[in-house]
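Here is the structure we will look at, set down as structure tokens.
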Amino acid sequence: MRHCSGRRLRAASCRPALALALFAALYGCDDGRPAATASDPAPAAQQDVCGGAATAIASLPRRSGAGIAEFGRVTVEGVVSAVYLDGLGGFFLQSADGEDDGDERTPEGVFVEARGTALRPKSGERLRVSGKWSRSDDRAAATWALRDVERIEACGSGSAPRLELTRPPEDWSRLSGMYVHVPGPVVLSGNESLLRFGELTIAFGDQRLYAATEVARPGPQARRAENENRQRSLVVDDGRDGEYPRSLWQLPVPVSAQAPYRVGSQLRGLEGVIDHRLGRWRLQLARPIVAVEQAPRPAAPARAEDGLRIASFNVLNFFNGDGSGGGFPTDRGAASRELQQRQRNKLVAAMRQLDADVLALMEIENDGYDSGSAILELADALAPPPRGKESVWRAVQPAGLDRLGADVISVGLLYRADRVEPVGAAYTLDSGPFDSDSRMPLAQAFRPLSGEGRPFLVVVNHFKSKGGCADANEANVDKGDGQACYNAVRRDSAERLAQWLASDPAGIGAGAALILGDLNAYRREDPVRVLTGQGYRDVLAGQAPEDAPPPHSYVYQGQAGLLDHALAGSDLAARVLGAGVWAINADELPEFAYDGDSRSGRRLYAAEPWRSSDHDPVWVDIQP
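Residue numbers (mature numbering (1 follows the signal peptide of the UniProt record, and there is no 0)): -19 to -1, 1 to 605.
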């Protein structure tokens, strides 16, 4: 068959008059099934018989304003390309070979809503359908479809073109309702809805999708990058409604620890119909995916020889109830003690393999530093102390404070007392945007117990998120530049943090600081550029091999980016031996998390690092 390999789909190569493919075995009209189902119409007029006058599928209008726009009753005739009566509640009809209009700008397929009808059409049947052509404002429905069907006539059998799609079209709407084959490989860029809705997000090309402001400056450049992401991506759907389907018929092998369907995997052999619903262009699969090359789970990063390791870890709302086994559910986090123990076991497995000397934490319960607090439970679990003695892991407590701010979550610091020792008191900042919006930072100087013993300052942060936009004031509304809402708060947080650290609060030299944590800003956004503009070096940049993709710590709606940063002052940057992101979480299915079994009904839990959080941990090795 001819291939569509260019970015522009040419009518001459993609919609030839000769048959390109036959969808299935051909079915005749003498199989005993009813010819019409929506009603028992009067004897058909001449224009209602098979082969009579009909509206060309390509001529159906597909643009209008918001709401439901109806264009009256039409009659179309074509070949059934795929059937989803028990899922989407209808089937796709496509212009038969030799009957297309030869115009690459007009789609040759249509979705026919036929939920509840007795007719069970099969691929390859030729049908004549009369109904209302309309646009729906129901996001779950096909944007454009033939609805309120009055008459369906079986007109024998036929064949329709199958387009070979090796590159994305310039405009997906030109393929609406048409059957395509994607030979691949294509990159799995988003998997968060696989078990819940049977969906995967794929990206054409050799790389996953990256958040626009991860790779481009906010504003026009970011908007261009976002448009390119939309054009390169496609949601691969299972053709069904509902949540957590019992079977994932579309997968070549079931989900398991050996086949985790991590982001970055490569897919081959996808077939189905291009469809638009829920605001996205989709490939409604008609056959199972032929093959998936599973992206491997990475081993723990090796420590630099004679180095000291500092790491940051977002612990995904680690709450421990009342600290004595009760008090569940809490404001956030696990809903029961059993689930909380599973969460703790996954975090501990990851942290032990990460083998850090200092751990900067985000999203830890803000319940103090006494026995029974969440942070001390985590410390004791990392290295259970001998009876009557203190754990080798210690928590940093800011002087004079029993809590760090008023939020239910806070940042925290753990350190190994057998490898480093605190220098002076811990410091925090509670002015400006801190506590009211961004969480209060926590800074502590440490001295290594080996090597030259040069001190360094660890500063853990958690800036205001991009959520809750409806409550944003004028300064913080989404400006449409790619940075989402509350960018002003995050930028102010970065500016005040830099000013504070420039005053050298620990007295060891302003250049000895390492800024860690979830800044809720991608690499090209204002908060990060504020800090790098003040001389802080992004130690994660340039650490990956030249042919490797850039590091990321988070995946949102199929787009990866770095929200968790490691920015070193000039003196500390010179001591960096290595740095990176351990990709154990963001690329994993959410159902591998501690509570994934309760959501999906599948037994995927294991006390292992995978999906111990939704953010990946960041590590930095320095000379002691």
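Heads up, the beta-carbon is just placed ideally off N, CA and C, and yes, glycines get one too.
Spatial distance of residue i from residue j (CA atoms)
{"i": "residue 420", "j": "residue 443", "result": "6 Å"}
{"i": "residue 235", "j": "residue 269", "result": "12 Å"}
{"i": "residue 129", "j": "residue 220", "result": "21 Å"}
{"i": "residue 66", "j": "residue 224", "result": "17 Å"}
{"i": "residue 257", "j": "residue 239", "result": "33 Å"}
{"i": "residue 37", "j": "residue 101", "result": "23 Å"}
{"i": "residue 348", "j": "residue 357", "result": "10 Å"}
{"i": "residue 144", "j": "residue 561", "result": "42 Å"}
{"i": "residue 498", "j": "residue 232", "result": "36 Å"}
{"i": "residue 384", "j": "residue 272", "result": "52 Å"}
{"i": "residue 387", "j": "residue 416", "result": "7 Å"}
{"i": "residue 518", "j": "residue 222", "result": "48 Å"}
{"i": "residue 163", "j": "residue 465", "result": "33 Å"}
{"i": "residue 157", "j": "residue 91", "result": "7 Å"}
{"i": "residue 342", "j": "residue 335", "result": "14 Å"}
{"i": "residue 133", "j": "residue 179", "result": "30 Å"}
{"i": "residue 468", "j": "residue 62", "result": "47 Å"}
{"i": "residue 600", "j": "residue 479", "result": "21 Å"}
{"i": "residue 340", "j": "residue 396", "result": "6 Å"}
{"i": "residue -4", "j": "residue 169", "result": "Because residue -4 sits at a pLDDT of 31, beneath the cut-off of 50, its placement in the model cannot be relied upon, and the following sentence gives the value as read from the coordinates. Straight-line Cα distance between these residues: approximately 31 Å."}
{"i": "residue 318", "j": "residue 390", "result": "18 Å"}
{"i": "residue 426", "j": "residue 333", "result": "23 Å"}
{"i": "residue 303", "j": "residue 325", "result": "15 Å"}
{"i": "residue 486", "j": "residue 118", "result": "57 Å"}
{"i": "residue 146", "j": "residue 253", "result": "11 Å"}
{"i": "residue 377", "j": "residue 489", "result": "18 Å"}
Beta-carbon proximity check, residue i vs residue j, cutoff 7 Å
{"i": "residue 197", "j": "residue 206", "result": "yes"}
{"i": "residue 440", "j": "residue 529", "result": "no"}
{"i": "residue 288", "j": "residue 558", "result": "yes"}
{"i": "residue 428", "j": "residue 398", "result": "no"}
{"i": "residue 155", "j": "residue 86", "result": "yes"}
{"i": "residue 500", "j": "residue 508", "result": "yes"}
{"i": "residue 300", "j": "residue 313", "result": "yes"}
{"i": "residue 576", "j": "residue 584", "result": "no"}
{"i": "residue 277", "j": "residue 563", "result": "no"}
{"i": "residue 692", "j": "residue 89", "result": "This structure leaves residue 692 out entirely; the chain is present only between -19 and 605."}
{"i": "residue 329", "j": "residue 362", "result": "yes"}
{"i": "residue 140", "j": "residue 78", "result": "yes"}
{"i": "residue 296", "j": "residue 264", "result": "no"}
{"i": "residue 203", "j": "residue 540", "result": "no"}
{"i": "residue 259", "j": "residue 120", "result": "yes"}
{"i": "residue 135", "j": "residue 94", "result": "no"}
{"i": "residue 372", "j": "residue 360", "result": "yes"}
Buried/exposed call for residue i, threshold 16 Cβ in 10 Å
{"i": "residue 30", "result": "exposed"}
{"i": "residue 595", "result": "buried"}
{"i": "residue 605", "result": "buried"}
{"i": "residue 21", "result": "Reliability fails at residue 21, whose pLDDT of 35 lies under 50, so the model's placement of it is uncertain and no value is given."}
{"i": "residue 450", "result": "exposed"}
{"i": "residue 591", "result": "buried"}
{"i": "residue 227", "result": "exposed"}
{"i": "residue 153", "result": "buried"}
{"i": "residue 603", "result": "buried"}
{"i": "residue 606", "result": "As shown, the chain starts at -19 and ends at 605. That puts residue 606 outside it, with no answer to give."}
{"i": "residue 644", "result": "Here the chain has residues from -19 to 605 only, and residue 644 is not among them."}
{"i": "residue 208", "result": "exposed"}
{"i": "residue 115", "result": "buried"}
Beta-ladder partner(s) of residue i, from DSSP
{"i": "residue 343", "result": "295"}
{"i": "residue 668", "result": "Since the displayed the chain opens at -19 and closes at 605, residue 668 lies outside it and no answer follows."}
{"i": "residue 538", "result": "DSSP output for residue 538 lists no bridge partner at all."}
{"i": "residue 194", "result": "For residue 194, which the question treats as bridged, DSSP gives no partner whatsoever."}
{"i": "residue 168", "result": "184, 247"}
{"i": "residue 409", "result": "423"}
{"i": "residue 56", "result": "111"}
{"i": "residue 562", "result": "599"}
{"i": "residue 261", "result": "258"}
{"i": "residue 162", "result": "145, 252"}
{"i": "residue 393", "result": "342"}
{"i": "residue 555", "result": "According to DSSP, which records beta bridges pairwise, residue 555 is partnered with nothing at all."}
{"i": "residue 442", "result": "498"}
For residue i, the first and last residue of its enclosing alpha helix (DSSP H)
{"i": "residue 604", "result": "Here residue 604 belongs to no alpha helix (DSSP H), and DSSP marks it neither H nor E."}
{"i": "residue 113", "result": "Run containing residue 113: none in the alpha helix (DSSP H); it sits in the beta strand (DSSP E), 106 to 116."}
{"i": "residue 511", "result": "507 to 514"}
{"i": "residue 208", "result": "201 to 213"}
Endpoints, the beta strand (DSSP E) within which residue i is located
{"i": "residue 134", "result": "125 to 138"}
{"i": "residue 356", "result": "Careful: residue 356 lies outside any beta strand (DSSP E), inside the alpha helix (DSSP H) at 355 to 363."}
{"i": "residue 481", "result": "Taken as a continuous stretch (DSSP letters only), residue 481 belongs to no beta strand (DSSP E), being part of the alpha helix (DSSP H) at 468 to 483."}
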